[in-house]
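In this note's numbering, the protein residues as written are 1 to 70.
Structure, rendered in structure tokens:
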């Protein structure tokens, strides 16, 4: 799933580890999300959106999923 987690994280001047700690996951999880190798749970998506004070839709765009078929 396409996402803007990395750009939000960088704009907030956070490391992957710092963001991971803030939302209760490992740095590896944040890395996998940013590299689009892992789709977060709905709970984690909401935690990320709350942390960045934005909507889940601002972070994740399932319509632009590179693996989706039309």
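Every residue, glycine too, gets a C-beta built ideally from N, C-alpha and C.
Exposed unless 16 or more other CB atoms sit within 10 angstroms - verdict on residue 2: Looking up residue 2 in the chain shown gives position 2. So residue 2 ends up on the exposed side.
Cut-off 7 angstroms between Cβ atoms - residues of its own chain near residue 62, not counting five sequence neighbours on either side: Residue 62 sits at position 62 when you count from the first residue of the chain shown. 1.
Where the alpha helix (DSSP H) through residue 17 begins and ends: As a working note, residue 17 is residue 17 in the chain shown. Unbroken alpha helix (DSSP H) run through residue 17: 16–23.
Span of the alpha helix (DSSP H), counted from its first residue to its last, around residue 29: The sequence position of residue 29 within the chain shown is 29, counting from 1. From DSSP, the alpha helix (DSSP H) with residue 29 extends over 27–34.
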